[in-house]
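Peer 1: The sequence shown runs 309 to 618 under the numbering used here. Using N, Cα and C, we set each Cβ at its ideal position, and we do this for glycine too. Below you will find the structure I want to go over with you.
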Amino acid sequence: MIFCLLLGLSSVLYADQDTITLHFSFDVRAVITLPRIPEEEKTAGNAILVYFALPNGNTIEQTMGRIPRSEEEWRYGIQHIDAQTRWLRKHAGMNNLITVYLETKQKSWPAWKKEHAANYREYIRSVDSSVKAQIGAVSYRICLNGHSGGGRFIFSYIDAFNGVPEDVERIAFLDSNYGYELMYKEPLLQFTSRPGRVLAVFAYNDSVALLKGERIVSDTGGTWHRSHMMLKDFSQSYTFIRSGDSEVIRYTSGENNIFFFLKNNPDRGIYHTQQVANNGFIHSMLAGTPVSEKGYRYYGEKVYIGLAAE
Numbered sequence: 309m310i311f312c313l314l315l316g317l318s319s320v321l322y323a324d325q326d327t328i329t330l331h332f333s334f335d336v337r338a339v340i341t342l343p344r345i346p347e348e349e350k351t352a353g354n355a356i357l358v359y360f361a362l363p364n365g366n367t368i369e370q371t372m373g374r375i376p377r378s379e380e381e382w383r384y385g386i387q388h389i390d391a392q393t394r395w396l397r398k399h400a401g402m403n404n405l406i407t408v409y410l411e412t413k414q415k416s417w418p419a420w421k422k423e424h425a426a427n428y429r430e431y432i433r434s435v436d437s438s439v440k441a442q443i444g445a446v447s448y449r450i451c452l453n454g455h456s457g458g459g460r461f462i463f464s465y466i467d468a469f470n471g472v473p474e475d476v477e478r479i480a481f482l483d484s485n486y487g488y489e490l491m492y493k494e495p496l497l498q499f500t501s502r503p504g505r506v507l508a509v510f511a512y513n514d515s516v517a518l519l520k521g522e523r524i525v526s527d528t529g530g531t532w533h534r535s536h537m538m539l540k541d542f543s544q545s546y547t548f549i550r551s552g553d554s555e556v557i558r559y560t561s562g563e564n565n566i567f568f569f570l571k572n573n574p575d576r577g578i579y580h581t582q583q584v585a586n587n588g589f590i591h592s593m594l595a596g597t598p599v600s601e602k603g604y605r606y607y608g609e610k611v612y613i614g615l616a617a618e
């Protein structure tokens with residue numbers, strides 16, 4: 309039996325934002341953050357609903373972020389999705405941006421799927437319907453987004469609906485497409501063929517990254533390899549234009565709706581979280597729009613830091 313417990317509406321961090329917390333009996337917690345805006349704006353049909361699936365090891369509170377108060381609190385300062393959300397509301401015309409943080413008890417979406425292999429599709433649909441029931445917007449556009457292991461939620465969402473539903477308008481993998489396989493090529497191609505749809509993929513060359521002198525992934529185990537797999541698969545249907553610089557290589561489809569942002573790694577460092585922190589969430593929401601990199605730069609100075617909670 310599926311059970312969802314509503315913990316209520318409360319003010320968290322800022323007076324201009326409310327939260328609703330949902331606990332599900334199948335090891336998922338969701339925190340919905342809603343901007344406090346006039347009722348007529350809530351029903352204007354411009355609501356954007358972002359499912360942000362958490363990275364491995366993080367809690368929702370850490371992923372939302374705030375200024376760390378000690379070295380032990382470093383996880384609070386590596387993503388700042390809440391501050392980036394507030395920047396988008398304030399500077400990108402997304403005043404009705406609703407970010408939904410999705411966490412599993414295992415702190416890993418891949419581990420959660422493995423543990424709930426028999427029923428994960430049903431559970432994902434339950435999360436989706438429960439969140440939508442709480443929002444109350446007349447209409448909304450959905451973005452599937454996530455970092456690290458959170459990409460597994462995106463693929464599980466596709467599994468749950470046997471493809472990408474019509475109300476999804478944007479999919480963004482923030483260094484999170486570890487689970488990409490050929491079976492997802494056609495659903496994603498069908499998605500990108502619809503008008504107004506955007507797919508954005510972010511990765512760095514983790515195949516050469518070292519931790520204490522040891523490689524962290526195999527040649528084929530990381531997002532660098534998976535992103536090139538995706539690029540090769542999609543190149544059979546789309547023509548891509550290469551641009552960028554020595555730091556970040558960019559591939560953009562001729563239709564300007566599919567984007568790959570691939571960071572080089574000459575020093576063999578680990579840049580897993582920097583892709584998010586350096587305006588990555590902002591860019592994942594704005595790539596392909598008229599305000600893409602207006603007032604910010606992907607992998608540039610953090611423009612949102614003044615909006616971070618203390």
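#1: Decide if L518 is buried, meaning its Cβ has at least 16 other Cβ atoms within 10 Å, or exposed.
#2: With DSSP run on the structure shown, which of helix, strand or coil describes S545?
#3: Would you decide whether S333 is buried or exposed? Buried here means 16 or more other CB atoms lie within 10 Å of its CB.
#4: Could you tell me the distance, in whole angstroms, from the CA atom of R605 to the CA atom of N565?
#5: Buried or exposed: S319, going by 16 or more other Cβ atoms within 10 Å of its Cβ?
#6: Please determine if the segment 424–433 and the segment 379–390 are in contact, where contact requires at least 3 C-beta pairs separated by less than 8 Å.
#7: Can you pull the DSSP bridge partners for E411?
#8: Could you spell out where the beta strand (DSSP E) holding I443 opens and where it closes?
#9: Quick check on DSSP: helix, strand or coil for H331?
#10: Could you give the C-beta distance for S592 and N453, rounded to a whole number, given that I count them as a contact under 8 Å?
#11: Do you know whose CA, among M491, F542 and I406, lies nearest T560's CA?
#12: Report the rounded CA-to-CA distance for E618 versus D324, giving the unit in angstroms.
#13: Report the three-state DSSP secondary structure of L362 (helix, strand or coil).
#14: Three-state secondary structure (DSSP) at I386?
#15: Compute the minimum distance between the beta carbon of I386 and the heavy atoms of the ligand ATP, and state whether it is under 6 Å.
#16: For the alpha helix (DSSP H) that F463 lies in, which residues bound it at each end?
#17: Report, in whole angstroms, the separation of the C-beta atoms of V435 and F481, which I expect to be a contact under 8 Å.
#18: Can you list, in chain order, the residues of its chain with a C-beta nearer than 8 Å to that of V516? Leave out the 5 residues immediately preceding and following it.
#19: Got a sec, what are the start and stop residues for the alpha helix (DSSP H) L594 sits in?
#20: Output yes or no for whether 7 Å exceeds the beta carbon distance between D475 and I450.
#21: Could you say which of M538, N513 and K520 lies nearest to S526 if we only look at CA atoms?
#22: Mind checking which residues open and close the alpha helix (DSSP H) that includes A517?
#23: Using 8 Å for Cβ pairs, my map puts R429 next to D467. What's the rounded Cβ distance?
#24: Which class does I613 belong to by DSSP, given the choice of helix, strand or coil?
#25: Indicate whether the contact test is met: 3 or more Cβ pairs, each with one atom in the segment 329–348 and one in the segment 397–411, closer than 8 Å.
#26: Counting along the chain, where does the beta strand (DSSP E) carrying T560 start and finish?
#27: Give the secondary structure of H455 by DSSP, where H, G and I count as helix, E and B as strand, and everything else as coil.
#28: Name the residue from I557, S545, Q442 and S416 whose alpha carbon lies nearest to the alpha carbon of D326.
Peer 2: On the basis of the coordinates in this document:
#1: The residue is exposed, with fewer than 16 neighbouring Cβ atoms inside 10 Å.
#2: Coil, per DSSP.
#3: Looking at its Cβ environment, which holds fewer than 16 other Cβ atoms inside 10 Å, S333 is exposed.
#4: Straight-line Cα distance between these residues: approximately 18 Å.
#5: Residue placement at S319 is flagged as unreliable, the pLDDT there being 47, under the threshold of 50; a coordinate-derived value is accordingly withheld.
#6: Three or more beta-carbon pairs separated by less than 8 Å are not found between the segment 424–433 and the segment 379–390, which leaves the two stretches without contact.
#7: Listed as beta-bridge partners of E411 by DSSP are R337.
#8: Per DSSP, I443 belongs to no beta strand (DSSP E); it is in the alpha helix (DSSP H), Y428 to I443.
#9: Reduced to three states, the DSSP call for H331 is strand.
#10: With a contact defined as Cβ atoms closer than 8 Å, S592 and N453 qualify at about 6 Å.
#11: Selected option, being the one with the closest Cα: F542.
#12: Rounded to whole angstroms, E618 to D324 spans 16 Å at the Cα level.
#13: Here L362 sits in coil by DSSP.
#14: Residue state, collapsed to three classes: coil.
#15: The ligand ATP is not part of this structure, which contains no ligands at all.
#16: Its alpha helix (DSSP H) spans residues G459 to A468.
#17: The C-beta separation of V435 from F481 comes to about 19 Å, leaving the pair out of contact by the 8 Å criterion.
#18: Result list for V516: R523, N573 and R576, in chain order.
#19: Looking at the DSSP string, the run of the alpha helix (DSSP H) that includes L594 is G588 to L594.
#20: Yes; because the gap between Cβ atoms is below 7 Å, this pair is in contact.
#21: When M538, N513 and K520 are compared, the shortest CA-CA separation from S526 is found for N513.
#22: No alpha helix (DSSP H) contains A517, which DSSP labels as neither H nor E.
#23: Contact between R429 and D467 holds: CB atoms are separated by about 6 Å, below the 8 Å threshold.
#24: Helix, per DSSP.
#25: Remark: three or more beta-carbon pairs, one from each stretch, lie closer than 8 Å, so the segment 329–348 and the segment 397–411 are flagged as touching.
#26: That run of the beta strand (DSSP E) goes V556 to S561.
#27: Of the three classes helix, strand and coil, the one that applies to H455 here is strand, per DSSP.
#28: Measuring from the Cα of D326, the nearest candidate turns out to be Q442.
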